[in-house]
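What follows is a short report on a single structure.
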Amino acid sequence: MTFFIETFGCQMNVYDSELVMNILLQNGYEKASAIGKADILFLNTCAIREKAVERVIHKMEQYAHYRKKGKLKIAGILGCIPQYSSERLKKELPFIDILSGPDNYDKLPQMIKESIKNKRIHEDIRLYKEQNYDNMLPYRENKFSAFVTVMRGCDNFCSYCVVPYVRGRERSRSLNEILKDINDAVSKGITEITLLGQNVNSYNWNGMTFAALLEKVSETENLKRLRFATSHPKDISYELIEVMSNNPKICKHLHLPFQAGSSEVLKRMNRGYTKEDYLGKIEKIRDSVPGIALTTDIIVGFPGETDDDFKETLEVMEISGFDNSFMFIYSERELTYAKKHYKDDVNRKIKAERQKQVIELQKRIGLEQMNGDIGTIKEVLVESVSKKRKTEMIGSTDQNRSVVFENSGKIKPGDYVKVKITDAGSVTLLGELIK
Ligand code: SAH
Ligand code: SF4
Ligand code: F3S
């Protein structure tokens, strides 16, 4: 039997889908080249905002005909939406065969077997605080860059966020398991690794800190670039900043979501830092790691956010100088503290207007950051052929900035090349290959 997996949501879901692929492959299932050719279809899903849930339900409705009339025998939904609301999925997608939360992927082969025997919904949404998928490796497609999860779950309970409820308690993977995973990836020709967790700075395995883990992992032979995400401003340590400034394999890019500029709003969000704390850390990071690129996440329209609060968000953006931001409109989530205790009282128009403003400001700030690279020579990891022009390639710099350049003919994805930066847009650089 063949399977097809489509992934939504964050990088941790990308990693988990690779894990599921390997679990299925090891149990004798084969990869299908397209949904129409698959016997089993899984959507690995995200519940972070209401739109993410609606998108998946809509997608599955579009695929329903494969299940009802086509070759498809099993349609399943994995990940955070089953964990968030399996009842809703059962109601809105009654033809679904399997629902599995993020801690039950090792049981999927069994669930598939049972589902073939007995046509009803097979559901497993138990959370296990020990589940780290020990002794299981993800399937690595022929690539040059890979994600490696170093911790699962989250204990921060930011008041707006559903992750602690759908992913369960925070747990760190052992050093040994992480190294096995990385060595496996590197042995397949992968040279860039991104370590993943909802809050990597609280990594703790038998007292080992995240900074120590980075140092250890960076010793891997043939590994050229080491990245990580996400950092929580309350937990980012001076030890980590130190390691970033001294270790040449660790890329000079930090994703540090600040969410909101007003300390009052941050308090209601339960983020554990003030505006001043955040700006202080940014200053320290910029001083210690020259040339570092910063990116962030922002939520606009959190309950009670006034015009003055919002102005502070714009102010933090101005001071911090982000390369790029993920800018979201607050979306009320079931189970969360904010849903229970705060009224979603910023009206839709104001939310949309604020989002428009942050997007516009980010464009200007992003362009300023990118412009700083003009005239410099960067090492670029080549990632793909440009979709717009077949003669152009796209790659990324150490700071995770995208670069577009004309191919000399011989260059292929996975190569490291030197590129002279000649021009910049707000999210991409243009350059010329240096022979
Ligand atoms: N663990 C990461 C974030 C994971 S979720 C961290 O704490 O930085 C990715 C982003 O989605 C968050 O940073 C936040 O900006 C956004 N987000 C989370 N819950 C949201 C909600 N209810 N409404 C809108 N955006 C949300
Ligand atoms: Fe959500 Fe906060 Fe955990 Fe990030 S740190 S996943 S925003 S609860
Ligand atoms: Fe979404 Fe789950 Fe990640 S809710 S952001 S896929 S942890």
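Residue numbering for the sequence shown follows the working numbering, starting at 1234 and increasing by one per position. Ideal Cβ placement from N, Cα and C applies to all residues, glycine included.
- Looking at the DSSP output, residue 1382 shares a beta bridge with 1429.
- In the DSSP assignment, residue 1578 is bridged to no other residue.
- Proximity of the beta carbon of residue 1295 to the ligand SF4 is not indicated: no heavy atom of the ligand is located closer than 8 Å.
- In the DSSP assignment, residue 1635 forms a beta bridge with 1629, 1661.
- According to the DSSP assignment, residue 1610 belongs to the beta strand (DSSP E) that extends over 1610 to 1618.
- Within the same chain, Cβ atoms closer than 7 Å to the Cβ of residue 1646 are found at 1377, 1615, 1616, 1617, the five residues on either side in sequence being excluded.
- In the structure shown, the three-state DSSP call for residue 1546 is helix.
- Considering only 1625, 1307, 1559, 1235, the residue with the shortest C-alpha distance to residue 1349 is 1307.
- At a Cβ-Cβ threshold of 9 Å, residue 1521 and residue 1477 count as neighbours.
- Around the CB of residue 1509, fewer than 16 other CB atoms lie within 10 Å, so the residue is classed as exposed.
- It is roughly 44 Å from the alpha-carbon of residue 1464 to the alpha-carbon of residue 1351.
- Spanning the alpha carbons of residue 1391 and residue 1653 requires a straight line of approximately 42 Å.
- At a Cβ-Cβ threshold of 9 Å, residue 1373 and residue 1411 do not count as neighbours.
- When DSSP reads this structure, residue 1404 sits in a beta bridge with 1385.
- Residue 1395 is positioned such that its CB atom lies no closer than 9 Å to that of residue 1630.
- Taking residue 1259 as reference, the option from 1636, 1340, 1632 with the minimal CA-CA separation is 1340.
- Rounded to whole angstroms, residue 1468 and residue 1383 show a C-alpha spacing of 16 Å.
- Here the distance from the Cβ of residue 1632 to the nearest heavy atom of the ligand SF4 is not below 8 Å.
- The closest CA to that of residue 1406, considering only 1399, 1415, 1649, is found on 1415.
- The segment 1454 to 1463 makes contact with the segment 1424 to 1434, as at least three CB pairs between them are under 8 Å.
- For residue 1396, the CB falls within less than 8 Å of some heavy atom of the ligand SF4.
- For the pair of segments examined, the segment 1307 to 1326 was found not to touch the segment 1581 to 1599: the number of CB pairs separated by less than 8 Å stays below three.
- Cβ atoms of residue 1399 and residue 1316 come within 8 Å of each other, at about 4 Å.
- The nearest non-hydrogen atom of the ligand F3S is 8 Å or more from the C-beta of residue 1389.
- The three-state secondary structure of residue 1480, taken from DSSP, is coil.
- Around residue 1432, the same chain offers 1387, 1389, 1463, 1465, 1468 as residues with beta carbons nearer than 7 Å, after the five sequence neighbours per side are excluded.
- Counted as a single uninterrupted DSSP element, the beta strand (DSSP E) harbouring residue 1558 occupies residues 1557 to 1562.
- DSSP links residue 1649 through a beta bridge to 1614.
- When DSSP states are grouped into helix, strand and coil, residue 1244 belongs to the helix group.
- Here residue 1343 is exposed. Its C-beta has fewer than 16 other C-beta atoms within 10 Å.
- Using a Cβ distance threshold of 9 Å, residue 1242 and residue 1281 count as a contacting pair.
- Taken in chain order, the complete beta strand (DSSP E) segments of 3 residues or longer contained in the segment 1458 to 1527 are 1458 to 1462, 1486 to 1488.
- The residues 1628, 1629, 1630, 1636, 1638, 1649, 1650, 1651, 1652, 1664, in chain order, have a CB closer than 8 Å to that of residue 1613 in the same chain once the five nearest residues on each side in sequence are set aside.
- Exposure of residue 1600 is indicated by the presence of fewer than 16 other C-beta atoms within 10 angstroms of its C-beta.
- Sequence-distant Cβ neighbours of residue 1375 in its own chain, meaning closer than 7 Å and more than five residues away, do not exist here.
- Per DSSP, reduced to three states, the secondary structure at residue 1264 is strand.
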